[in-house]
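Encoded as structure tokens, the structure appears first; notes follow it.
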Amino acid sequence: MVSPSDLTDPAPAPAVAHAKTSGPGSRDELPRIVPRRNVGRLLAAAVALSLFALLVDSVVRNQAFQWDVVGGYFTSAAVLDGLLLTLWLTGVVMVLGFLLGILLAVMRLSANPALSTLSWGYVWVFRSTPLLVQLLLWFNIGALYPTLGLGVPFGPQFVTVKTVNLLGPALTAVIGLTLHEAAYAAEVVRGGILSVDAGQTEAAQALGIGRARALRRIVVPQAMRSIVPTAGNMLIGTLKGTSIVSVLAVHDLLYSVQLVYHQTYQVIPLLLVATLWYIAVTTVLSVGQFYVERHYARGATRVLPPTPLQRLRVRLAAFRRSLLSLSNY
Numbered sequence: 000m001v002s003p004s005d006l007t008d009p010a011p012a013p014a015v016a017h018a019k020t021s022g023p024g025s026r027d028e029l030p031r032i033v034p035r036r037n038v039g040r041l042l043a044a045a046v047a048l049s050l051f052a053l054l055v056d057s058v059v060r061n062q063a064f065q066w067d068v069v070g071g072y073f074t075s076a077a078v079l080d081g082l083l084l085t086l087w088l089t090g091v092v093m094v095l096g097f098l099l100g101i102l103l104a105v106m107r108l109s110a111n112p113a114l115s116t117l118s119w120g121y122v123w124v125f126r127s128t129p130l131l132v133q134l135l136l137w138f139n140i141g142a143l144y145p146t147l148g149l150g151v152p153f154g155p156q157f158v159t160v161k162t163v164n165l166l167g168p169a170l171t172a173v174i175g176l177t178l179h180e181a182a183y184a185a186e187v188v189r190g191g192i193l194s195v196d197a198g199q200t201e202a203a204q205a206l207g208i209g210r211a212r213a214l215r216r217i218v219v220p221q222a223m224r225s226i227v228p229t230a231g232n233m234l235i236g237t238l239k240g241t242s243i244v245s246v247l248a249v250h251d252l253l254y255s256v257q258l259v260y261h262q263t264y265q266v267i268p269l270l271l272v273a274t275l276w277y278i279a280v281t282t283v284l285s286v287g288q289f290y291v292e293r294h295y296a297r298g299a300t301r302v303l304p305p306t307p308l309q310r311l312r313v314r315l316a317a318f319r320r321s322l323l324s325l326s327n328y
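Just so it is clear: in the sequence shown, position 78 is 77 by numbering that gives the first Met the number 0, and no numbers are missing.
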């Protein structure tokens, strides 16, 4: 028999009372999250900074560098004239080289086999020959063609001019560097165009847009994302590559420095002057390349890459947080 007392619910167990204490040992407080200490990373940073400090100390305290001489010639008239010629030569070669390179890239992508073959042959020849050899050949072009003329093929010539009077050292450097640059620019432009999805061109044709307009308004703006980084590297390479024209007695930055240390015999300080100017100009070009890449990345990424100033702010904020976390211990 089940008694009525068995049908009733059992009495609830008494609740366990938790004592609430106050103070740092209270159970109600959440545990503090402490970032993990990466000892290996700290040691690697300390070793790298120590080696860098030793390198800076050896450069600053070494009297053989003659930093007073470097400062004296850094803004001299001869050096600045050479720097201006280097910048002018770099700008002219890049503009002309990319104009010719765009033409060669369009020819290479053409359905015309003659144009495609000629473009491929041009790129093959100029990429296979060292730049110094090309410059020396153009400098001695008078041995092959003493005179240049304009007239009827295999017929009379109306205008003739001596090659020696026409091609000076500066013009020879411009021609040689431009033709060499165009071969690489053609491949850069061609690779950028091929990186764009073929559906973009098909959609433009479906809308009735002509091939030339689609290339100019649709394909090229998207291809710039692939062209700009490589073109920026080519620009920096051309800036440094112009120093090779010193073999033609063109008064660029390196040749101007050489003229000075041939008179003063201060080779190391004058080479440091040229090095510092190349570093300064390359830094400016690198910053400009970053902002151009950021401009053409607007349609490809939802969030634009941070600028150097924004990165610096983030790193300073992280450094402050790390100092605060260390001070809590």
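Positions of the beta carbon are idealized from the N, C-alpha and C atoms, including for glycine. All values reported here derive from a predicted model rather than from experimental measurement.
query: Can you tell me which of the three DSSP states Thr89 falls into?; result: helix
query: Taking the beta carbon of Arg319 as the centre, do at least 16 other beta carbons fall within 10 Å, making it buried, or is it exposed?; result: exposed
query: Across which residues does DSSP place Val158 in a beta bridge pair?; result: Leu149
query: Taking the CB atoms as reference points, tell me whether Val256 and Leu269 lie closer together than 7 Å.; result: yes
query: Who are the Cβ neighbours of Gln288 in its own chain at under 6 Å, not counting the five residues just before and after it?; result: Gly231
query: Which first and last residues belong to the alpha helix (DSSP H) in which Asn37 is found?; result: Looking at the DSSP string, Asn37 is not in any alpha helix (DSSP H), and its letter there is neither H nor E.
query: To which residues of the same chain is Leu234 closer than 8 Å at the C-beta, ignoring the five residues directly before and after it?; result: Thr89, Met93, Leu284, Gln288
query: So which of Ala182, Gly190, Gly39 has the shortest CA-CA distance to Thr128?; result: Ala182
query: Taking its Cβ as the centre, do 16 or more other Cβ atoms sit within 10 Å of Ala222, making it buried, or is it exposed?; result: buried
query: In whole angstroms, give me the CA-to-CA distance for Asp116 and Gly175.; result: The sequence given here has Thr at residue 116, not Asp. Taking the straight line joining both Cα atoms gives about 22 Å.
query: Mind checking Ser194: buried by the 16 CB within 10 Å criterion, or exposed?; result: exposed
query: Reducing DSSP to helix, strand and coil, say where Thr128 ends up.; result: coil
query: Beta-carbon separation of Gly148 and Thr162 under 7 Å?; result: no
query: Measure the C-alpha to C-alpha separation of Leu83 and Arg40 and round it to an integer number of angstroms.; result: 45 Å
query: Decide if the stretch 185 to 194 is in contact with the stretch 95 to 114; the criterion is three or more beta carbon pairs, one per stretch, under 8 Å apart.; result: yes
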